[in-house]
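Visitor:
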Amino acid sequence: MNQHLLSIHDVDADDIVRILDTAESFREVGSRVIKKVPALRGRTVVNLFYENSTRTRISFELAAKRLSADVINFSTSGSSVSKGESLKDTALTLQAMGADAIVIRHSSSGAPLTLTRWVNGSVLNAGDGTHEHPTQALLDLYTMRDRLGRLEGLRVAIVGDVLHSRVARSLSFALVKMGAETTLVGPPTLIPPDAPAWGVEVAHDVEAVLPKLDVCYLLRVQKERQRQQYFPSVREYSRLFGLSRARVGLLPEEALVMHPGPMNRGIEIDSDVADLPRAVIEEQVTNGIAIRMSLLYLLLGGSGSPGEEPVGARTGAADG
Amino acid sequence: MTGPGGAGPTRLMDAAEIGRALTRIAHEILERNKGAERLVFVGIAARGDDLARRLSWEIERIEGTTVPVGALDITFYRDDIGMRAEAPEVHETRIDFDINGRTVVLVDDVLFSGRTIRSAMDALVDFGRPSAIQLAVLVDRGHRQLPIRADFVGKNVPTRVDEDVRVAIREVDGEDAVLLEEAMTTTARREGA
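Heads up: the protein sequence lines correspond to chains L and Z, in order. Reading the first sequence from the start, the letters are residues 1 to 320 in this note's numbering. Reading the second sequence from the start, the letters are residues 1 to 193 in this note's numbering.
1) Would you grab the beta carbon distance between A71 of chain Z and D49 of chain Z for me? Rounded to a whole angstrom, and I think it's under 8 Å.
2) Any beta carbon from chain Z within less than 8 Å of T22 of chain L's own beta carbon?
3) With H, G and I counted as helix, E and B as strand and the rest as coil, what does DSSP make of H106 of chain L?
4) Grab the span of the alpha helix (DSSP H) containing V153 of chain Z for me, first residue to last.
5) Which of the three DSSP states, helix, strand or coil, is assigned to Q134 of chain Z?
6) Quick one: residues in its chain with C-beta nearer than 6 Å to the C-beta of H131 of chain L, no 5 flanking neighbours on either side, listed in chain order?
7) At a cut of 8 Å, does the segment 42 to 56 of chain L reach the segment 88 to 104 of chain L through at least three beta carbon pairs?
8) Using a Cβ-Cβ cut-off of less than 8 Å, give me the residues of the segment 64 to 94 of chain Z that come near chain L, in sequence order.
9) If I'm right that I291 of chain L touches T116 of chain L with Cβ under 8 Å, what's the distance once you round it to whole angstroms?
10) Any beta-carbon of chain L closer than 8 Å to the one on F97 of chain Z?
11) Which residues bound the beta strand (DSSP E) around L210 of chain L?
12) Do the CB positions of V33 of chain L and R66 of chain L come within less than 8 Å of each other?
13) In whole angstroms, what separates the C-alpha of A279 of chain L from that of F241 of chain L?
14) By Cβ distance below 8 Å, which residues in the same chain neighbour T189 of chain L in space, the five residues on each side in sequence not counted?
15) Judging by CA-CA distance, which residue of L:S122, L:S31, L:T183 and L:N73 is the nearest neighbour of E51 of chain L?
16) Buried or exposed: which applies to H9 of chain L, given that a residue is buried once 16 or more other Cβ atoms fall within 10 Å of its Cβ?
17) In terms of alpha-carbon separation, which member of Z:A45, Z:R32, Z:T10 and Z:A16 lies closest to D109 of chain Z?
18) At the level of alpha carbons, what is the spacing between V167 of chain Z and N33 of chain Z?
19) Can you tell me whether A318 of chain L is buried or exposed, with buried defined as 16 or more other CB within 10 angstroms of its CB?
20) Within 10 Å of its beta-carbon, does D96 of chain Z have 16 or more other beta-carbons around it, so buried, or fewer, so exposed?
21) So, is the C-beta of R124 of chain L closer than 8 Å to a C-beta in chain Z?
22) Do you know offhand how far A183 of chain Z's Cα is from V161 of chain Z's?
23) Just the Cα atoms here: how many angstroms apart are A255 of chain L and A177 of chain Z?
24) Taking DSSP's pairing of strands, which residues face I72 of chain L in a bridge?
25) Residues of chain Z with CB under 7 Å from I34 of chain L, in chain order?
26) From the beta carbon of G301 of chain L, is the nearest beta carbon of chain Z less than 8 Å away?
27) Since Y297 of chain L meets chain Z, which of its residues come closer than 7 Å, beta carbon to beta carbon?
28) Using 10 angstroms around the beta-carbon of P158 of chain Z, count the other beta-carbons present and answer buried if the total reaches 16, otherwise exposed.
29) Tell me, please, which residues DSSP counts as bridged to F76 of chain Z.
30) Considering A96 of chain L, what are the terminal residues of the beta strand (DSSP E) in which it resides?
31) Would you check if the distance between the CB atom of E268 of chain L and the CB atom of L295 of chain L is smaller than 8 Å?
Have a look at this one:
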């Protein structure tokens, strides 16, 4: 694996399988009375959030704490950043304090990559602008594999505002890597023009797509990222693309409904639909902790350089 | 070594010897604990859990009592995380019974430095407070780095530190055997010599 996780392009299919398999063990840890293991004792993880995000920050915080790492939450309001400190100086400060990993969320695409120039630790992208959100994609893959038993050949539709969605980009790249058949569904104004080059299909009629799916993945209508009018009204969007009670009936019996949260009940998903057993939205949240534990463990659990192995410490558990 | 240039490992135990050792250990466990009432087995992954299952079958055959078997992966409790190039591979942990107040017999294939057992005891106490922890191993090869000893041993094998003792289990490797490999051989093979 690479030292950093900036994009799904940093991992190959084998890495993804390893990340999901390791997460399986961490989900077991999450089911214990004492949900904590000493794997990353003495390591420091910094959550550097330039954009508000309660759920992703809490998920990373819990993941690091369950690995016994020390966690520092650095949010931009009320910190040196609100006094005008640049990303570079914040990075150099965290570097000087000895951060082993920096989890960054930023409204500018590419900020995590820029950060890697100034720090020695691992950088994990927790969402950058409209670029990528790789940990969300990995927890979504985990949830699909856990529920449906496989990823290859799975038929997945990602419905909604793909253009502004870093989740949709990361998830599409990851699904294509794992051999799933992926379709992007939305109004033409919200589908990126280069989407066919990602290896995905594009469709504009949600009702035609639903009967052939294993997973219907809904995106949030992100009013805050849209700088111009992409559809006439929220009401019209909801009528054309929202997963209503009637539409959910078009899905095959076993098909899942997923959403990265936070949901707009009544816009992209009907309130009743969000509470159906096939909507695995809370499972996605639970699995997110296990995936982030897995990533922190795999990125920080090695020295990063090949060296002498300690005596009596072979790879297997059979060393004594 | 079987000869000059020969790459074959030395066979320390065959399937029959392993079977007899496990039968004896099962009897010793019953004798020491005066039956199997409060016992549970926790095998250390990988291979210790397979041996634990065998011991449980032996005890069922002798006493008619079923001893629960769990599997424990100690990776997250290792003392060398971050010292090797890659994060160690993780196996499954599955202990779906209560260990509070029970006598836990830890089962592993090879006892060497003792570091795995130290990790295993740390892991176990996160699951509860056993009334006692005992240790059963198929092979004790010496060279302890910690003050740990086994309660039940299949075979004591004097080894050099640079040798490698490998236990093959039918369920995983297709045959039951304990093999002694020269570490030099492994290195030479890796270098293509």
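Just so you know, even glycine gets a beta-carbon here, dropped at the ideal spot from N, CA and C.
Guide: Reading from the atomic positions:
1) Looking up residue 71 of chain Z in the second sequence gives position 71. Looking up residue 49 of chain Z in the second sequence gives position 49. Going by Cβ atoms, the distance from A71 of chain Z to D49 of chain Z rounds to 4 Å, so yes, they are a contact pair.
2) By 1-based counting over the first sequence, the position of residue 22 of chain L is 22. Judged by the 8 Å Cβ criterion, T22 of chain L is in contact with chain Z.
3) Here the question's residue 106 of chain L lines up with position 106 in the first sequence. Strand at H106 of chain L.
4) Here residue 153 of chain Z refers to the residue found at position 153 when the second sequence is read from its first residue. From DSSP, V153 of chain Z is part of no alpha helix (DSSP H) but of the beta strand (DSSP E) over F152 to N156.
5) The residue you call residue 134 of chain Z lines up with position 134 of the second sequence. Looking at Q134 of chain Z - three-state DSSP - the assignment turns out to be strand.
6) If you number the first sequence from 1, residue 131 of chain L lands on position 131. Same-chain partners within the cutoff: S109 and R166.
7) yes
8) D73, I74, T75, F76, Y77, R78, D80, I81, G82, M83, R84, A85, E86, A87, P88, E89, V90, H91, E92, T93 and R94
9) Stepping through the first sequence from its first residue, residue 291 of chain L is reached at position 291. Stepping through the first sequence from its first residue, residue 116 of chain L is reached at position 116. That pair is no contact at about 21 Å.
10) The sequence position of residue 97 of chain Z within the second sequence is 97, counting from 1. So no, F97 of chain Z is outside the interface.
11) As a working note, residue 210 of chain L is residue 210 in the first sequence. Unbroken run through L210 of chain L: none, as it is neither H nor E.
12) Within the first sequence, numbered from 1, the residue matching residue 33 of chain L stands at position 33. Within the first sequence, numbered from 1, the residue matching residue 66 of chain L stands at position 66. Not closer than 8 Å, so no.
13) The residue given as residue 279 of chain L occupies position 279 in the first sequence. The residue given as residue 241 of chain L occupies position 241 in the first sequence. Cα to Cα, the separation comes out at about 17 Å.
14) In the first sequence, counting from the first residue as 1, residue 189 of chain L sits at position 189. The residues are L163, Y230 and F231.
15) Counting from 1 along the first sequence, the entry for residue 51 of chain L is found at position 51. If we check each option's Cα against that of E51 of chain L, L:N73 comes out closest.
16) Along the first sequence, read from residue 1 onward, the residue named residue 9 of chain L stands at position 9. Classification of H9 of chain L: exposed, given that the 10 Å Cβ count is below 16.
17) Counting from one through the second sequence, the residue named residue 109 of chain Z turns up at place 109. If we check each option's Cα against that of D109 of chain Z, Z:A45 comes out closest.
18) What you label residue 167 of chain Z is simply residue 167 of the second sequence in a count that begins at 1. What you label residue 33 of chain Z is simply residue 33 of the second sequence in a count that begins at 1. If I take the Cα positions, the gap works out to 27 Å.
19) For this step, residue 318 of chain L is matched to residue 318 along the first sequence. Only weak support is given to the placement of A318 of chain L: the predicted model assigns it a pLDDT of 40, under 50, and the value that follows is read from those uncertain coordinates. Buried: at least 16 other Cβ atoms inside 10 Å.
20) Within the second sequence, residue 96 of chain Z is the residue found at index 96, counting from 1. That one is exposed.
21) Here residue 124 of chain L is taken as the residue at index 124 of the first sequence, counted from 1. Residue identity differs from the one stated: residue 124 of chain L is Leu in this sequence, not Arg. For L124 of chain L, the answer is no, since every Cβ of chain Z falls outside 8 Å of its Cβ.
22) For this step, residue 183 of chain Z is matched to residue 183 along the second sequence. For this step, residue 161 of chain Z is matched to residue 161 along the second sequence. So the alpha carbons of these two residues sit roughly 9 Å apart.
23) Here residue 255 of chain L is taken as the residue at index 255 of the first sequence, counted from 1. Here residue 177 of chain Z is taken as the residue at index 177 of the second sequence, counted from 1. The alpha-carbon atoms of A255 of chain L and A177 of chain Z are separated by roughly 47 Å.
24) The residue you call residue 72 of chain L lines up with position 72 of the first sequence. According to DSSP, I72 of chain L bridges with L:V46.
25) Here residue 34 of chain L is taken as the residue at index 34 of the first sequence, counted from 1. D126, listed in chain order.
26) For the purposes of this step, residue 301 of chain L is taken as the residue at position 301 of the first sequence. Taking Cβ atoms only, chain Z reaches closer than 8 Å to G301 of chain L, which makes this a yes.
27) By 1-based counting over the first sequence, the position of residue 297 of chain L is 297. Those are A87, listed as they occur along chain Z.
28) Start at 1 with the first residue of the second sequence, and residue 158 of chain Z comes out as number 158. Looking at its Cβ environment, which holds fewer than 16 other Cβ atoms inside 10 Å, P158 of chain Z is exposed.
29) Residue 76 of chain Z sits at position 76 when you count from the first residue of the second sequence. Paired residue(s): none; F76 of chain Z is not in a bridge.
30) Position 96 of the first sequence, counting from 1, holds the residue named residue 96 of chain L. Looking at the DSSP string, A96 of chain L is not in any beta strand (DSSP E); the run it does join, the alpha helix (DSSP H), is L87 to A96.
31) Your numbering for residue 268 of chain L matches position 268 in the first sequence. Your numbering for residue 295 of chain L matches position 295 in the first sequence. Going by C-beta atoms, E268 of chain L is not nearer than 8 Å to L295 of chain L.
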